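In this text, residue positions in the first sequence follow numbering that gives the first Met the number 0: the first is 0, and each later residue adds one.
Encoded as structure tokens, the structure appears first; notes follow it.
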Amino acid sequence: MKKLQLVELYDTLKGRYGFLDWWPGETRLEIFIGAILTQNTSWSNVEKAIANLKAAGALDLHRLAHMRRGKLEALIRPSGFYRQKAERLASILRHIEDDYGSLETFLDMDGQALRSRLLEMKGIGSETADSIVLYAADKPSFVIDAYTKRIMHRVYGTREDIAYGDLQNLIVQRIPKKVRLYKDFHAQFVEHAKLHCRKAPSCKGCPVRTFCGYNG
DNA sequence: ACCCAGGTGGCCC
DNA sequence: GGGCCACATGGG
């Protein structure tokens, strides 16, 4: 396998796209909910669901936790898998409410402990847990997603079906453990993948020589 | 009429 | 530890 020059890869991406350091969403609750709703779902569909929740004045831990199931399903319907997501999301939020009282208190705990608690909840797997720890709680937890796997495969020849933890270890062992870097590196992966998806497959001059894997 | 999208959990071996 | 499947909407 080609040697993983991850800092160089990051610098190349940042040079092209600029510093991003992002997660779409203005409040911690919005980030938290977005991380769950975007599971195997395009972000544009998640935006519709979040807009519905906002319009209904429902972006509130307690309201969401106790909203009638049918209503929650209707509001998040555009995000897909809506029955499953409504049930799991409500269950997760009730759990946080019961055990911690507020999202702030929950997110305030140690990063490793937070990740463990998140993984115990039905509906939160590795990627969602890391997304929440990193972007909602502001603690270093590197996010691996389909884009990350695809680009790493394209650039370094890692297996496309590499296990989540394996790729995560591979990356974190080679870069500084900094929240800003973790956030921005993931953002760069997403930005790059989106600009090189099959809607815009032109990769002429691409410094990372990857185009999401759709056409080559 | 397909294929895809910032996954997860259940069940099986 | 994997391999397969259901879950569901909206866009190309």
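Idealized CB from N, CA, C, for every residue including glycine.
For clarity, every value in this text was computed on a predicted model and none was experimentally measured.
Spatial neighbours of residue i within its chain, please: C-beta separation below 8 Å, excluding the five flanking residues on both sides.
i     : result
Glu46 : Pro23
Have a look at the options and flag the residue whose alpha-carbon is nearest the alpha-carbon of residue i.
i      : options                           : result
Ser101 : Ser125, Arg27 and Gln111          : Arg27
Leu193 : Ile30, Val6 and Ser43             : Here the sequence assigns Lys to residue 193, which means Leu is not the residue at that position. Taking only the C-alpha atoms, the option nearest Lys193 is Ser43.
Phe31  : Gly164, Ile161, Gly122 and Phe184 : Gly122
Glu126 : His185, Glu29, Tyr9 and Leu60     : His185
Arg62  : Asp20, Ala162 and Leu88           : Leu88
Lys162 : Gly124, Leu113 and Leu5           : Before going further, note that residue 162 is Ala rather than Lys in the sequence given. Checked all of Gly124, Leu113 and Leu5; the closest Cα to Ala162 is Gly124.
His191 : Asp129, Arg153, Leu113 and Val171 : Arg153
If you draw a straight line from the alpha carbon of residue i to that of residue j, how long is it in whole angstroms?
i      : j      : result
His195 : Arg149 : 12 Å
Gly227 : Ile131 : This structure cannot speak to residue 227, because the chain is shown only from 0 to 215.
Asn39  : Ile143 : 13 Å
Ser140 : Gln111 : 9 Å
Gly17  : Lys176 : 20 Å
Glu25  : Tyr134 : 11 Å
Arg67  : Asp97  : 18 Å
Ile217 : Leu169 : With the chain covering 0 to 215 only, the question about residue 217 has no answer from this structure.
Leu106 : Asp165 : 26 Å
Leu92  : Leu60  : 6 Å
Ser115 : Tyr99  : 15 Å
Using a Cβ-Cβ cutoff of less than 7 Å, which residues in the same chain neighbour residue i once the five nearest sequence positions on both sides are dropped?
i      : result
Asp137 : Val178
Val189 : Tyr146
Met151 : Thr157 and Leu166
If you drop the 5 nearest sequence neighbours on each side, which residues of the same chain put their C-beta closer than 6 Å to that of residue i?
i     : result
Ala48 : Leu36, Ile75, Pro77 and Ser78
Suppose only complete runs of 3+ residues qualify. What are the beta strand (DSSP E) ranges in the stretch 129-162, listed by chain order?
Considered as a whole, the stretch 129-162 harbours no complete run of any beta strand (DSSP E) with no fewer than 3 residues.
List in chain order: all unbroken alpha helix (DSSP H) runs of 4+ residues lying wholly within the stretch 70-132.
For the stretch 70-132, whole alpha helix (DSSP H) runs of length 4 or above, ordered along the chain, are 81-99, 102-106, 110-118 and 125-130.
I'd like the ranges of any alpha helix (DSSP H) spanning at least 4 consecutive residues and lying wholly in the stretch 27-52.
Here the runs fully enclosed are 27-36.
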